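In the numbering used here, the protein residues as written are 431 to 703.
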């Protein structure tokens with residue numbers, strides 16, 4: 431197998447960027463999911479309830495991110511290292527640091543609701559839950575459950591086939607191929623492995639960096655939102671529920687926890703066991 435793509439999403443639920451190499455840190459890829467949006471009451475705002483978020487992009491820079499919209503607007507926001515702490519309802523984390531006020535205004539205007547942009551200054555303050563395969567000392571960025579999400583192209587191809595088969599059974603035209611972006615993985619792997627072989631992996635090495643497989647990834651309603659049109663449909667959850675439903679959930683991909691730090695690069699060999 432090979433690493434065929436790497437994706438960094440600096441702001442939780444916003445669009446991210448594809449990168450040809452990334453630094454693996456104990457809590458995930460450098461720059462990945464270090465920011466998030468909060469409602470005025472401290473609840474986390476995600477694209478599950480605000481699909482417009484997927485139409486905005488965050489690009490990492492030295493000590494900052496640049497927010498961009500589809501109309502050519504942009505704003506560079508510095509990491510608020512001395513920003514005031516603000517309470518958050520995110521699991522296993524009590525506070526974030528608030529960005530400058532202009533970031534809240536820029537985002538609020540585009541999302542048509544009041545929001546605040548927060549930054550996680552030190553991911554060591556947030557552990558991976560034991561319920562999601564975490565062990566003592568495993569830190570986590572602002573991802574839901576695990577530092578990295580790995581997905582394989584053989585599994586995506588099989589899912590695409592199932593979606594087409596289901597459409598034909600219902601007398602519907604075959605839909606366009608489902609993009610991997612629906613699943614927002616951090617690393618995508620390809621090679622001569624069976625679809626969903628990752629279900630049984632316990633270790634993965636990408637290049638020279640080792641990872642532990644923490645768990646399979648259960649999929650939420652965010653996968654129903656097309657990141658291009660921002661409209662919602664029934665796929666892929668409908669098809670995953672037919673073929674990949676276990677314990678009342680649907681599954682695609684696996685969550686990884688780094689066992690070491692280092693650089694990974696597109697094209698790196700991948701060994702799984």
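Idealized CB from N, CA, C, for every residue including glycine. Source: prediction; values computed, not measured.
Cut-off 7 Å between Cβ atoms - residues of its own chain near residue i, not counting five sequence neighbours on either side
i, result
"residue 634", "580, 641, 643, 686, 700, 702"
"residue 590", "607, 608"
"residue 690", "639, 640"
"residue 669", "589, 592, 593, 596"
"residue 534", "545, 546, 547"
"residue 680", "648, 649, 667, 670, 671, 674"
Supposed contact pair residue j and residue i - C-beta distance, whole angstroms, cut 8 Å
i, j, result
"residue 537", "residue 547", "6 Å"
"residue 672", "residue 596", "7 Å"
"residue 694", "residue 436", "7 Å"
"residue 438", "residue 490", "6 Å"
"residue 657", "residue 624", "Between residue 624 and residue 657 the Cβ distance is about 28 Å, and since that is not below 8 Å, they are no contact."
Beta-carbon proximity list for residue i, same chain, < 6 Å, skipping 5 on both sides
i, result
"residue 495", "440, 488, 507"
"residue 628", "582, 684"
"residue 556", "522, 523, 570"
"residue 513", "527, 528"
Of the listed residues the options, nearest to residue i (C-alpha basis)
i, options, result
"residue 501", "486, 512, 514, 513", "486"
"residue 666", "658, 682, 483, 482", "682"
"residue 552", "431, 449, 458", "458"
"residue 677", "659, 648, 470, 613", "648"
"residue 541", "443, 614, 603, 613", "443"
"residue 505", "612, 660, 539", "539"
"residue 662", "454, 456, 482, 434", "482"
"residue 433", "493, 503, 637, 560", "637"
"residue 626", "646, 614, 664", "646"
"residue 509", "493, 499, 692, 448", "493"
Cβ neighbours of residue i in the same chain (closer than 8 Å, five flanking residues each side left out)
i, result
"residue 604", "594, 597, 598"
"residue 450", "436, 695, 696"
"residue 474", "442, 466, 467, 468, 518, 519, 520"
"residue 515", "525, 526, 527, 528"
"residue 558", "564, 565, 568, 569, 570, 575, 576, 577, 644, 687"
Chain C within 8 Å of residue i, Cβ atoms only
i, result
"residue 433", "No chain C is present in this structure, which holds just one protein chain."
Exercise. Touching or not, the segment 567-587 and the segment 609-627, by the rule of three or more beta carbon pairs under 8 Å?
Worked result: yes
Exercise. Can you find at least 3 beta carbon pairs, one from the segment 648-658 and one from the segment 471-480, that sit closer than 8 Å?
Worked result: yes
Problem set entry | the segment 463-475 touching the segment 558-578, judged by at least three CB pairs closer than 8 Å | yes
For this session: Would you mind listing the beta strand (DSSP E) stretches within the segment 470-555 that are 3+ residues and don't spill past its ends, in chain order?
Result: 487-491, 494-498, 504-508, 515-517, 525-528, 546-549
For this session: Tell me the start and end of each unbroken alpha helix (DSSP H) in the segment 579-665 that is at least 4 residues and wholly inside, in chain order.
Result: 583-599
Problem set entry | Contained beta strand (DSSP E) runs [length at least 3] in the segment 431-474, N- to C-terminal order | 432-438, 447-449, 451-455, 465-468
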